[in-house]
Amino acid sequence: MKQRIENKKMIFATVSEPLREHLGERTEMPAGKLTQLHRSELHRPRWWQVLVRELALFGRNSFGSIVSLEFLTVFIPTLILWEALPRLDVVPQTLVPTPSRVALAFWDMVHNLRMSEHLTLSAIRFAAGFGVALVTAFPIGVLMGWNLLIRKHTLPVFQILAPIPPPAWVPITIIALGIGMPMQTFLIFLGVFYPVLFNTYQGVKDTDPRYLASARVFGASEFTLLTRVYIWHALGSVIMGIKIGIAMGLVMLIIAEMHGGRAGVGYILLEAKEYFQIDRMVVCMLILGFSGWFMIEIMKYVELKLAVWRIGR
Numbered sequence: 029m030k031q032r033i034e035n036k037k038m039i040f041a042t043v044s045e046p047l048r049e050h051l052g053e054r055t056e057m058p059a060g061k062l063t064q065l066h067r068s069e070l071h072r073p074r075w076w077q078v079l080v081r082e083l084a085l086f087g088r089n090s091f092g093s094i095v096s097l098e099f100l101t102v103f104i105p106t107l108i109l110w111e112a113l114p115r116l117d118v119v120p121q122t123l124v125p126t127p128s129r130v131a132l133a134f135w136d137m138v139h140n141l142r143m144s145e146h147l148t149l150s151a152i153r154f155a156a157g158f159g160v161a162l163v164t165a166f167p168i169g170v171l172m173g174w175n176l177l178i179r180k181h182t183l184p185v186f187q188i189l190a191p192i193p194p195p196a197w198v199p200i201t202i203i204a205l206g207i208g209m210p211m212q213t214f215l216i217f218l219g220v221f222y223p224v225l226f227n228t229y230q231g232v233k234d235t236d237p238r239y240l241a242s243a244r245v246f247g248a249s250e251f252t253l254l255t256r257v258y259i260w261h262a263l264g265s266v267i268m269g270i271k272i273g274i275a276m277g278l279v280m281l282i283i284a285e286m287h288g289g290r291a292g293v294g295y296i297l298l299e300a301k302e303y304f305q306i307d308r309m310v311v312c313m314l315i316l317g318f319s320g321w322f323m324i325e326i327m328k329y330v331e332l333k334l335a336v337w338r339i340g341r
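Shown next as structure tokens:
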């Protein structure tokens with residue numbers, strides 16, 4: 029009788045071959061759970077299915093706004109008006125090129141000006157300055173918001189340096205670093221650093237004390253509070269700082285390439301000004317606008333995936 033009861037309590041079944049491969053070894057489990065595991069493990073989406081799904085989500089959330097009725101009702105009339113006014117000589121075509129001229133200028137720049145090389149070089153410069161700013165401003169901002177002693181020693185210094193306009197650093201940066209990649213990276217770094225720093229600091233500093241008290245009740249250490257409460261509470265503020273930093277970084281990218289570069293979007297913009305090629309200037313401006321929009325949409329997607337509780341605010 030005792031043996032029958034034990035047999036009823038412990039009925040084991042061998043896991044099927046696909047599931048065994050997933051677990052890496054022969055595994056036994058209660059038969060009642062086998063069907064549930066079959067459904068959860070065997071129907072797990074492949075990595076490429078997850079990638080396609082996430083790309084579709086990103087495209088729907090970002091490019092969906094461009095093809096929305098609300099956007100098109102403003103964009104199409106504006107485009108028509110932009111094309112019509114110069115052609116009707118309401119505004120001089122030498123100062124306001126039509127969209128068709130801008131499109132032709134873009135086509136010419138792609139084929140005859142090696143535009144892809146200029147864009148690649150600008151992207152590398154921006155990524156270098158943006159990356160250095162992000163990996164330095166974020167931890168400093170977290171520490172400033174978390175620790176009062178660190179805040180008292182560092183905050184006054186940054187409050188003095190931050191109001192200095194980043195373009196004001198151009199002359200001394202050229203003298204110190206010369207004309208080249210280090211100078212351009214540093215100027216872009218200055219544009220991105222302070223928005224990320226202060227938004228991170230404020231987000232961590234404004235963490236709701238009730239969250240901290242609740243975590244301490246469950247025995248959370250200070251390190252756990254920092255990594256599981258402070259940083260996650262500040263995530264929305266951090267992403268907002270990164271969005272502002274993207275815009276400021278693009279500003280400093282153009283300034284850096286105008287003052288110290290023989291290639292890049294800023295250099296093309298300056299060269300177009302010298303030859304009064306306004307259509308090329310407009311192309312560069314549109315490229316910068318689209319690049320900034322695309323990076324900000326990426327940050328919105330990151331916020332959508334990481335800070336779900338903020339969606340809809």
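Per our numbering, the sequence shown starts with residue 29, numbered consecutively. In this text, a Cβ means the ideal position worked out from N, Cα and C, and glycines have one as well.
| Query | Result |
| --- | --- |
| Contacts around residue 187, its chain only, beta-carbon distance under 6 Å, and the 5 residues preceding and following it disregarded | none |
| For residue 258, three-class secondary structure by DSSP | helix |
| Neighbourhood of residue 243 by C-beta distance below 6 Å, restricted to the same chain and skipping five residues each side | 253 and 257 |
| As assigned by DSSP and simplified to three states, the class of residue 158 | helix |
| Buried or exposed by the 16-neighbour rule on C-beta atoms within 10 Å, applied to residue 185 | exposed |
| Alpha carbon of residue 157 to alpha carbon of residue 311, nearest angstrom | 24 Å |
| Rounded straight-line distance, which links the Cα of residue 234 to that of residue 316 | 34 Å |
| Exposure of residue 125, with buried meaning 16 or more beta-carbon neighbours within 10 Å | buried |
| Rounded distance between the beta-carbons of residue 153 and residue 292, thought under 8 Å | 7 Å |
| When 97, 330, 217 and 309 are compared against residue 281, the one with the closest alpha-carbon | 217 |
| Residue 262 and residue 224 closer than 8 Å at C-beta | no |
| Distance between residue 295 and residue 212 (C-alpha atoms, nearest Å) | 12 Å |
| Alpha carbon of residue 196 to alpha carbon of residue 227, nearest angstrom | 23 Å |
| C-alpha gap between residue 117 and residue 123, whole angstroms | 11 Å |
| Residue 192 - DSSP class collapsed to helix/strand/coil | coil |
| Reference residue 319, options 300, 288, 275 and 287, closest by Cα | 275 |
| Host alpha helix (DSSP H) of residue 136 (start-end) | 127-140 |
| Sequence-distant residues of its chain with Cβ nearer than 7 Å to residue 287 (five each side left out) | 198 and 202 |
| Residue 307 and residue 163 closer than 8 Å at C-beta | no |
| From 297, 190 and 303, residue whose alpha carbon lies closest to that of residue 143 | 297 |
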